[in-house]
Each structure stands twice: as C-alpha cells, then as structure tokens.
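If you're matching positions, the sequence shown starts at 1 in the numbering used here and goes up one per residue.
Worksheet: the structure to be examined is printed underneath.
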Amino acid sequence: MADNVKRVHDYAKPTPVEDLSMDCTPLSDTPINSPLAKPSNAAILEAIERLGKKQDMFMEKLLQIERSVASNSTLISELAIKVDSVTDKTERAVVKTDELGVQVAAVIAENKHLWEKVDDLDAYKRRWNLKISGVPEEAGENVKMVAMDIFSRISPGLRDGLQTSIDVAHRIGQRDPDAFPRRIIVQFLSRTHRDRIWLDSKNSEVLRQKGIKITEDLTQRTREARNKLWPLVSQARREGKRAGFKGSFAIIDGKKITADNM
Numbered sequence: 001m002a003d004n005v006k007r008v009h010d011y012a013k014p015t016p017v018e019d020l021s022m023d024c025t026p027l028s029d030t031p032i033n034s035p036l037a038k039p040s041n042a043a044i045l046e047a048i049e050r051l052g053k054k055q056d057m058f059m060e061k062l063l064q065i066e067r068s069v070a071s072n073s074t075l076i077s078e079l080a081i082k083v084d085s086v087t088d089k090t091e092r093a094v095v096k097t098d099e100l101g102v103q104v105a106a107v108i109a110e111n112k113h114l115w116e117k118v119d120d121l122d123a124y125k126r127r128w129n130l131k132i133s134g135v136p137e138e139a140g141e142n143v144k145m146v147a148m149d150i151f152s153r154i155s156p157g158l159r160d161g162l163q164t165s166i167d168v169a170h171r172i173g174q175r176d177p178d179a180f181p182r183r184i185i186v187q188f189l190s191r192t193h194r195d196r197i198w199l200d201s202k203n204s205e206v207l208r209q210k211g212i213k214i215t216e217d218l219t220q221r222t223r224e225a226r227n228k229l230w231p232l233v234s235q236a237r238r239e240g241k242r243a244g245f246k247g248s249f250a251i252i253d254g255k256k257i258t259a260d261n262m
C-alpha cells in the first residue's frame with residue numbers, strides 16, 4: 001500500500017532547474033523622446049509681427065475692394081443718369097419723329113393735291129391742241145398750211161375759218177432724216193373748231209387713205225390712266241356698250257370709272 005502511494009506521486013520528485021540566464025539576450029532600452037523646446041520670446045514676437053503684417057495686408061485689400069465698390073457705384077450712378085438722359089432724349093426724338101411724320105404726310109398730300117391741280121390746268125390748256133402723225137416732212141414747209149390742208153379735208157365746212165381759228169402749228173422735236181416724220185402739234189384759238197375736227201377725224205376716210213392719225217394732246221398722267229383703263233373700254237365696246245374716255249377717266253354706259261378704282 002505504501003509502495004503504491006509512492007509510485008503515484010513520483011511527479012512530486014524534485015526536478016533540477018537549468019540556469020537559462022546565460023542563454024537569453026537582454027532587451028534593448030526603449031528610447032525616450034526629449035521634451036519639446038519652448039519657443040523663445042523673440043520667436044513669439046516674430047510670429048506676432050508676421051501675423052500682424054498679414055492682417056494689415058488683408059485690411060488693405062479690403063479697403064481696396066471697398067474703394068473699388070465705391071468707385072463702381074459712382075460710375076453706375078453716373079451711367080444711370082446718362083441712360084436716363086438718353087432715354088429722355090430718345091422719347092423726345094420719337095415724339096418729334098411722329099410730329100414730323102404727320103407733317104410730312106400732310107406735305108405729301110398737299111403736294112399731290114397741287115400736282116393734280118397743275119396737271120388739271122395743263123390738261124385743260126391742252127384741250128385746245130391736236131396732234132397729227134404720219135405726215136411726210138419736207139424742207140422749208142409751212143407747217144400751219146399743211147395742218148390747214150388736212151383739216152379742210154376732214155371738215156370741209158370749216159375751211160374758210162381755219163386761218164383765224166388756228167393759232168400756231170409746228171413739228172415736235174429735232175428733225176432726223178432717218179426717223180419717222182415728226183408729229184405736228186396744232187393749237188387752236190377756237191375750241192369749237194378744234195372739237196369739230198376731232199370728232200370728224202374719228203371716221204375720216206381721208207386720214208385712213210393717207211395713213212394719217214389725229215390724236216389729243218394728253219398729259220402723261222392722263223395717258224397712263226387711259227392705258228390702264230383701256231382694257232375695260234375695249235371689252236365694253238366688244239359687248240356693244242357705249243364706252244369712251246373723258247380726260248383721265250373712262251365712261252361706260254354713262255358710268256364714270258377712274259384708274260384708282262381698279
């Protein structure tokens with residue numbers, strides 16, 4: 001029994017311990033940072049001076065910006081005044097332009113009215129005239145006698161009074177031997193004789209045989225108006241209606257038609 005107990009507790013025997021101190025490498029000492037050196041008073045003053053300079057520069061820039069803003073504000077104010085002045089002048093110019101427009105329109109209307117009056121007076125004066133086309137031209141001819149001879153053939157009943165009823169007769173324009181004979185314009189003293197010859201010439205066989213044509217002496221305005229109205233007059237005549245011209249307007253079956261109505 002005692003032997004058994006002894007065997008069980010053999011682990012409790014003393015075990016020799018080797019000296020391991022010689023085999024272990026000692027750890028190095030951990031370095032310790034030295035404490036920061038305190039800045040000197042001179043360094044602190046230098047830093048303060050640098051900060052002060054930066055503040056001064058910043059303030060100077062702020063002042064420059066302030067001055068620039070003030071200057072821009074002044075310029076903007078001056079510009080606004082100029083814009084207001086220009087706007088006012090423009091508005092006054094527009095009013096003046098409108099007034100001038102009204103005046104110009106009135107002058108144009110008055111000028112047109114006066115021009116029409118002058119044209120009417122010219123047209124009235126021309127009612128004493130007749131033009132003759134297609135009469136051969138000879139050197140040294142007596143144009144008045146040539147016209148009287150033609151008129152006496154158209155209206156034989158007026159033969160004896162033609163000498164006193166015709167004021168002047170002459171060719172129109174410069175003579176050109178290579179061109180057609182110049183037209184003859186005749187101015188009458190008697191409107192009655194002139195109108196009679198004009199009516200007789202429309203159905204004159206003598207004129208057709210000789211290739212001579214007699215026309216009224218019309219103003220340019222009247223000619224242009226008649227040219228514009230001619231298609232209406234021609235169509236009306238083909239339809240058997242009474243159609244003709246009186247001055248610058250047409251008359252179709254008693255109805256007056258002007259070129260402005262077209």
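Ideal Cβ positions, reconstructed from N, Cα and C, are used throughout, including at glycine.
Have a look at the DSSP bridge pairing and note the partners of Q64. Start at 1 with the first residue of the sequence shown, and residue 64 comes out as number 64. Paired residues: none, contrary to the question.
Among L158, A47 and S204, which has the Cα closest to the Cα of T192? Position 192 of the sequence shown holds residue 192. Of L158, A47 and S204, the residue nearest in Cα terms is L158.
Taking 6 Å as the limit between beta carbons, can you name the residues of its chain near D217, skipping five residues before and five after? Translated into the one-based positions of the sequence shown, residue 217 becomes position 217. Taken in chain order, the residues that qualify are R126, N129 and K131.
I want to know whether the region 193 to 203 touches the region 113 to 121 - three or more CB-CB distances under 8 Å. No: the two stretches stay apart, fewer than three of their Cβ pairs being nearer than 8 Å.
Under the three-state DSSP convention, the category N129 falls into: Here residue 129 is taken as the residue at index 129 of the sequence shown, counted from 1. Here N129 sits in strand by DSSP.
Using the Cα positions of R194 and V143, report the straight-line distance between them to the nearest angstrom. Along the sequence shown, one-based indexing puts residue 194 at 194. Along the sequence shown, one-based indexing puts residue 143 at 143. Straight-line Cα distance between these residues: approximately 17 Å.
Run through DSSP, which three-state label would V186 get? Translated into the one-based positions of the sequence shown, residue 186 becomes position 186. Reduced to three states, the DSSP call for V186 is strand.
Evaluate S21 with the Cβ neighbour count: other Cβ atoms within 10 Å of its Cβ, from every protein chain shown; 16 or more gives buried, anything less gives exposed. On the sequence shown, residue 21 is found 21 positions in, with the first residue counted as 1. The pLDDT assigned to S21 is 49, lower than 50, so where the model puts this residue is not dependable; a value taken from the coordinates is nonetheless given after this. Under this definition S21 is an exposed residue.
Taking the Cβ atom as the reference point for each residue, do F249 and T258 lie within a distance shorter than 9 Å? Residue 249 sits at position 249 when you count from the first residue of the sequence shown. Residue 258 sits at position 258 when you count from the first residue of the sequence shown. In this structure, F249 sits near T258, with a CB-CB distance shorter than 9 Å.
Give the C-beta separation of T215 and D119 to the nearest angstrom, bearing in mind that I take them to be a contact with Cβ-Cβ under 8 Å. Reading the sequence shown from its first residue, position 215 is the one you call residue 215. Reading the sequence shown from its first residue, position 119 is the one you call residue 119. Not quite, the Cβ-Cβ distance comes to about 18 Å (not below 8 Å), so this is no contact.
Suppose only complete runs of 4+ residues qualify. What are the alpha helix (DSSP H) ranges in the region 102 to 177, listed by chain order? 143 to 154 and 162 to 165
Supposed close pair K241, I251 - CB separation, criterion 8 Å: The residue you call residue 241 lines up with position 241 of the sequence shown. The residue you call residue 251 lines up with position 251 of the sequence shown. Not confirmed; about 10 Å, so no contact.
DSSP state of K53, grouped into three classes? For the purposes of this step, residue 53 is taken as residue 53 along the sequence shown, with counting starting at 1. Here K53 sits in helix by DSSP.
E239 in three-state terms, based on DSSP: Mapped onto the sequence shown, residue 239 falls at position 239. Correct three-state label for E239: coil.
Give me the residue from A106, G134, V86 and R92 with the minimum Cα distance to K213. In the sequence shown, the residue the question calls residue 213 occupies position 213. When only C-alpha atoms are compared, the closest one is G134.
Output needed for D160: all residues of its chain with C-beta closer than 8 Å, excluding positions within five of it in sequence on either side, in chain order. Taking the sequence shown and counting its residues from 1, one reaches residue 160 at position 160. Excluding positions up to five away in sequence, the list is empty.
Range covered by the beta strand (DSSP E) that runs through T215: Within the sequence shown, residue 215 is the residue found at index 215, counting from 1. Unbroken beta strand (DSSP E) run through T215: K213 to E216.
How would you write the range of the alpha helix (DSSP H) that K210 sits in, first residue to last? Position 210 of the sequence shown, counting from 1, holds the residue named residue 210. Element bounds for K210: E205 to K210.
Are the beta-carbon atoms belonging to L207 and I172 less than 9 Å from one another? Position 207 of the sequence shown holds residue 207. Position 172 of the sequence shown holds residue 172. For L207 and I172, no; Cβs fall outside 9 Å.
Measure the Cβ-Cβ separation of V146 and A109 and say whether it is below 9 Å. Translated into the one-based positions of the sequence shown, residue 146 becomes position 146. Translated into the one-based positions of the sequence shown, residue 109 becomes position 109. Going by C-beta atoms, V146 is not nearer than 9 Å to A109.
State the Cα-Cα distance for the pair I185 and D167, rounded to the nearest angstrom. As a position in the sequence shown, residue 185 is number 185, starting the count at 1. As a position in the sequence shown, residue 167 is number 167, starting the count at 1. A straight-line Cα-Cα distance of about 11 Å links I185 and D167.
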